[in-house]
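Chains A and B are the protein sequences, given in the same order.
Read in my numbering, the first sequence has 376 at position 197, and its numbers run on one by one without any break.
Read in my numbering, the second sequence has 277 at position 98, and its numbers run on one by one without any break.
Notes follow once the structure below has been shown.
There are 2 protein chains.
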Amino acid sequence: MTARTNSPRESIFRDLIVGLYEGRYAPGQRLTEAQLASTYNASRGPVREALNRLEAAGVVDLTLQRGACIRKLSLKESLDSLIIAEGLVSIAARFAAQNVEKDGARERMTAALDDVVGRDPSDAPNDPNLARARDSFYGTLTALSENSQLGRAMPSVQIHLLRVQFAKIIREADLWRHEDYRKIAEAVISGDGDAAEAAVHAHFSRVIKLFTDQLAEQGADGVVA
Amino acid sequence: MTARTNSPRESIFRDLIVGLYEGRYAPGQRLTEAQLASTYNASRGPVREALNRLEAAGVVDLTLQRGACIRKLSLKESLDSLIIAEGLVSIAARFAAQNVEKDGARERMTAALDDVVGRDPSDAPNDPNLARARDSFYGTLTALSENSQLGRAMPSVQIHLLRVQFAKIIREADLWRHEDYRKIAEAVISGDGDAAEAAVHAHFSRVIKLFTDQLAEQGADGVVA
DNA sequence: GCTTTCATATTGTCCTACATTATTGTACTA
DNA sequence: TAGTACAATAATGTAGGACAATATGAAAGC
Numbered sequence: 180m181t182a183r184t185n186s187p188r189e190s191i192f193r194d195l196i197v198g199l200y201e202g203r204y205a206p207g208q209r210l211t212e213a214q215l216a217s218t219y220n221a222s223r224g225p226v227r228e229a230l231n232r233l234e235a236a237g238v239v240d241l242t243l244q245r246g247a248c249i250r251k252l253s254l255k256e257s258l259d260s261l262i263i264a265e266g267l268v269s270i271a272a273r274f275a276a277q278n279v280e281k282d283g284a285r286e287r288m289t290a291a292l293d294d295v296v297g298r299d300p301s302d303a304p305n306d307p308n309l310a311r312a313r314d315s316f317y318g319t320l321t322a323l324s325e326n327s328q329l330g331r332a333m334p335s336v337q338i339h340l341l342r343v344q345f346a347k348i349i350r351e352a353d354l355w356r357h358e359d360y361r362k363i364a365e366a367v368i369s370g371d372g373d374a375a376e377a378a379v380h381a382h383f384s385r386v387i388k389l390f391t392d393q394l395a396e397q398g399a400d401g402v403v404a
Numbered sequence: 180m181t182a183r184t185n186s187p188r189e190s191i192f193r194d195l196i197v198g199l200y201e202g203r204y205a206p207g208q209r210l211t212e213a214q215l216a217s218t219y220n221a222s223r224g225p226v227r228e229a230l231n232r233l234e235a236a237g238v239v240d241l242t243l244q245r246g247a248c249i250r251k252l253s254l255k256e257s258l259d260s261l262i263i264a265e266g267l268v269s270i271a272a273r274f275a276a277q278n279v280e281k282d283g284a285r286e287r288m289t290a291a292l293d294d295v296v297g298r299d300p301s302d303a304p305n306d307p308n309l310a311r312a313r314d315s316f317y318g319t320l321t322a323l324s325e326n327s328q329l330g331r332a333m334p335s336v337q338i339h340l341l342r343v344q345f346a347k348i349i350r351e352a353d354l355w356r357h358e359d360y361r362k363i364a365e366a367v368i369s370g371d372g373d374a375a376e377a378a379v380h381a382h383f384s385r386v387i388k389l390f391t392d393q394l395a396e397q398g399a400d401g402v403v404a
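The following block contains the structure:
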């Protein structure tokens, strides 16, 4: 809608994120400018611009004179991101519920929910399609909230990164996925902002507790490099 | 602390934000690469990289084939930013209160408060020093919260931008500045997370109400270009 | 085994060049 | 005079080459 996205800079920026969701790029992976330039048939200029934007988005770690690697979150950073995500998704859900009478809001919410729960709970937790469906669920919530700034603040990519890195920790909470998401969606669809917020809180609390516990345990064991 | 910041890219990035706070750059202002390059004695490469990062931070609007200008927020975008800021500052305040026993936390909070309230309430609302003091107050809150991701998500620059643009609207709420900030700081210092959150909510509610009203009024009048 | 030194690779920046595109001013027409 | 077509100008987006500064890893020396 807004812009032609054929430009190298855009392509690289988008494909790196898509590639992250598809598993073509993994946390910690080193990215050299030359390699990216050759991969995307671009020169170093656009590559560097894309990397700068990716760093600002929190996708990439840019160390001076060392270059870029896909960001690798610590447990603490992950927990911090989850806390922020809870706050922002709460806002999204509350306003989405407020706007649920508009247009095809209910339909979109229902579709997004079906996309997430229309999968076996025992699916591979890092299945790219599930990741996309999850992202789309939160994306729908954000879109329905009609807050133009939520997308910028929401740490969606970080959440994806931490899911990839700490799949083991999250697995337990993922068993509630269907139930949690359904409750959120139903609250939104019924226009009940308070219930929507509560449902979001219930969902995130599970995950946050797992990370808090893990962090305490790690702290007791001593820090691992 | 972390990096030499003498590099052109860093200098440009930082100085543009500083210049925004000092009034050297104003919302809507056009920025051409050549002009920036000559101003900072750099070539176009680093300038473009800085601009890309500034766009990701929401400081600059980058239109394809048209270049950059300092972002100009609409009333709606401003309101959206305020809503997000309320959510994130609430989180910051709650956790800051939790951590208030640590180190020099109380001292830092007190100092930040003094810096804001140690000024006449009738100060020029856009006084650069006041703007910095305000930013420092929220910065302290964020720092004390010890959430490593809050800084990334917090729309601090946007808040500054909207303050500059809509100084008139905000003026009324600014009369409560001393009282509001004092309540937030006292709640944090006393370690009462709930009270801190409530104080933050009280403060933002004033501003948000002004913008909501203004937006409704503008909607009634018909849109103004 | 540990440290030092050196070779290599990569980044950060500069420069030039040029196609593409937006903007602007001008001339022409009705 | 108003409005449109068009050309001149300016700025962006990208390519490609060059080089200093620096990190990384390997070889050499103790």
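Using N, Cα and C, we set each Cβ at its ideal position, and we do this for glycine too.
query, result
"Reference A/E396, options A/D359, A/E280, A/I348 and A/D282, closest by Cα", "A/I348"
"Which listed residue (A/R193, A/E212 and A/Q244) has its alpha carbon closest to that of A/A236", "A/R193"
"C-beta contact flag for B/Q277 and A/S260 at 9 angstroms", "no"
"B/G246 - partner residues in DSSP beta bridges", "B/T242"
"C-beta atoms of A/E228 and A/R287 nearer than 9 angstroms", "no"
"Segment contact, 8 angstroms Cβ cut-off, at least three pairs: the region 215-225 of chain B with the region 354-372 of chain B", "no"
"Own chain, CB closer than 7 angstroms to A/Q393, minus 5 neighbours either side, in chain order", "L254 and I348"
"Nearest-angstrom Cβ-Cβ length linking B/V379 and B/S257, presumed shorter than 8 angstroms", "Incorrect: roughly 18 angstroms between the Cβ atoms, too far for contact."
"C-beta neighbour in chain A for B/A407, strict 9 angstroms", "With chain B covering only 180 through 404, there is no way to say anything about residue 407 of chain B."
"Sequence-distant residues of its chain with Cβ nearer than 6 angstroms to A/R209 (five each side left out)", "C248"
"Pair within 9 angstroms by beta-carbon distance, A/L340 and A/R250", "yes"
"Min CB distance B/D282 to chain A below 9 angstroms", "no"
"Three CB pairs or more closer than 8 angstroms across the region 306-316 of chain B and the region 197-213 of chain B", "yes"
"Opening and closing residue of the alpha helix (DSSP H) in which A/K251 lies", "Where A/K251 is concerned, there is no enclosing alpha helix (DSSP H), given that its DSSP letter is neither H nor E."
"CB contact below 9 angstroms: B/L210 versus chain A", "no"
"Chain A residues whose Cβ lies nearer than 9 angstroms to that of B/S327", "S253, K255, E256, D259 and S260"
"According to DSSP, residues forming a beta bridge with B/L210", "B/A247"
"DSSP-derived helix/strand/coil call for B/N308", "helix"
"Partners in chain A for B/L267, counting only beta-carbon separations shorter than 9 angstroms", "I263, G266, L267 and A332"
"Run of the alpha helix (DSSP H) containing B/Q337, from where it starts to where it stops", "S335 to Q344"
"Proximity below 9 angstroms, CB of A/S382 to CB of A/I363", "A quick correction: the sequence has His, not Ser, at residue 382 of chain A. Their beta carbons are under 9 angstroms apart, which means A/H382 touches A/I363 by this criterion."
"Under 7 angstroms from the C-beta of A/G224: neighbouring residues of chain B", "G224"
"Exposed unless 16 or more other CB atoms sit within 10 angstroms - verdict on A/N231", "buried"
"B/S190 at chain A interface by Cβ criterion, 9 angstroms", "no"
"7 angstroms Cβ shell around A/G207 - same chain, five flanking residues per side excluded", "C248, I249 and K251"
"is_contact[A/L243, chain B] using C-beta, thresh 9 angstroms", "yes"
"Proximity test, Cβ basis, 9 angstroms: B/F390 and chain A", "no"
"Of the listed residues B/A264, B/N326, B/A377 and B/A375, nearest to A/I262 (C-alpha basis)", "B/N326"
"Proximity to A/V296 [Cα-Cα], best of A/A366, A/E358 and A/S222", "A/E358"
"Rounded straight-line distance, which links the Cα of A/A275 to that of A/G370", "8 angstroms"
"A/R412 at chain B interface by Cβ criterion, 9 angstroms", "Nothing in the structure corresponds to residue 412 of chain A, since chain A is present only between 180 and 404."
"Beta-carbon proximity check, A/G372 vs A/A264, cutoff 9 angstroms", "no"
"Min CB distance A/N278 to chain B below 9 angstroms", "no"
"Short CB-CB distance (under 9 angstroms) between A/S384 and chain B", "no"
"CB contact below 9 angstroms: A/A236 versus chain B", "yes"
"Three-state class that DSSP yields for B/E265 in the structure shown", "helix"
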